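Undergrad: Just dropping this structure here.
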Amino acid sequence: MNPGVNDEKLSLDSVSVEDLNAALRVFRRLPLELLGFLILLPIVCIGLSRLGTALAPPYGVYVFGQGLVTWGLLLMLALLYGLFWWRGRQVGRLLNDPDIVASPVMSLLSVPGLLAERAQALGMEWSGFYGPLRPRRR
816 MNPGVNDEKL SLDSVSVEDL NAALRVFRRL PLELLGFLIL LPIVCIGLSR
866 LGTALAPPYG VYVFGQGLVT WGLLLMLALL YGLFWWRGRQ VGRLLNDPDI
916 VASPVMSLLS VPGLLAERAQ ALGMEWSGFY GPLRPRRR
C-alpha cells in the first residue's frame, strides 16, 4: 500500500455511474427551476400589489412599514436560497462529498468539475448538457 494515499479519500470517491447520472440530472434541472422562479417573480409581485391595494385602498397593506410586494420578494428570495440549499444537499449526498453537504449553496459551483473528475475516473464521459454519461471512446 502506498503511504501517501489517504484511505478516507478513496472510500469517499467510490460513486457508482447511476449516482453520477442522478447527480447530473439534479444539476441539469436547476436552470429550469431558476427559469420558473424568473417567471413567477413578476406574477407574485403584481398579484401581491393588487391584493394589498384591494384590501386597503388606495395605498395598500403595510406590515412593519413594508408593503406586501417587499415581503413577497423576501419570501421568493428565501425560497430561491432554499432551492439552492436543497439541490446542493441532494448532489452532495449522491456524490458522497462532505464538502458539498457542509456548504451546499456555495459548493454548487464546483459540481460540474467534480462530476467530470469522478466520471473520468470511472472511464465515462459527458455526452452533452442534457445527455447521460457514456463510456469514453478511445
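Numbering (this note's numbering), first residue to last: 816 to 953.
Where is the CB? At the ideal position from N, CA and C, for every residue including glycine.
All of these numbers come straight from a predicted model, not from anything done at the bench.
Restricting to runs no shorter than 3 residues, where is the beta strand (DSSP E) found entirely within the segment 819-882?
TA: Here no run is fully enclosed.
Undergrad: When the Cα of G928 is compared with those of A917, Y877, E940, which residue comes out closest?
TA: For this step, residue 928 is matched to residue 113 along the sequence shown. Out of A917, Y877, E940, E940 has the C-alpha closest to the C-alpha of G928.
Undergrad: Quick one: what's got a C-beta closer than 7 Å to V906's C-beta in the same chain, skipping five residues either side?
TA: Mapped onto the sequence shown, residue 906 falls at position 91. Excluding positions up to five away in sequence, the list reads A838, V841, F842, I915, V926.
Undergrad: Alpha carbon to alpha carbon, how far is L898 from S829? Give it in angstroms, no decimals.
TA: If you number the sequence shown from 1, residue 829 lands on position 14. If you number the sequence shown from 1, residue 898 lands on position 83. Whole-angstrom Cα-Cα distance: 27 Å.
Undergrad: Let me make sure I understand the geometry here. Which of P857, L923, G867, R865 has the alpha-carbon closest to that of L892?
TA: Start at 1 with the first residue of the sequence shown, and residue 892 comes out as number 77. Of P857, L923, G867, R865, the residue nearest in Cα terms is P857.
Undergrad: Determine whether the beta carbon atoms of P919 and W900 lie at a separation below 7 Å.
TA: If you number the sequence shown from 1, residue 919 lands on position 104. If you number the sequence shown from 1, residue 900 lands on position 85. Cβ distance < 7 Å, so P919 and W900 count as in contact.
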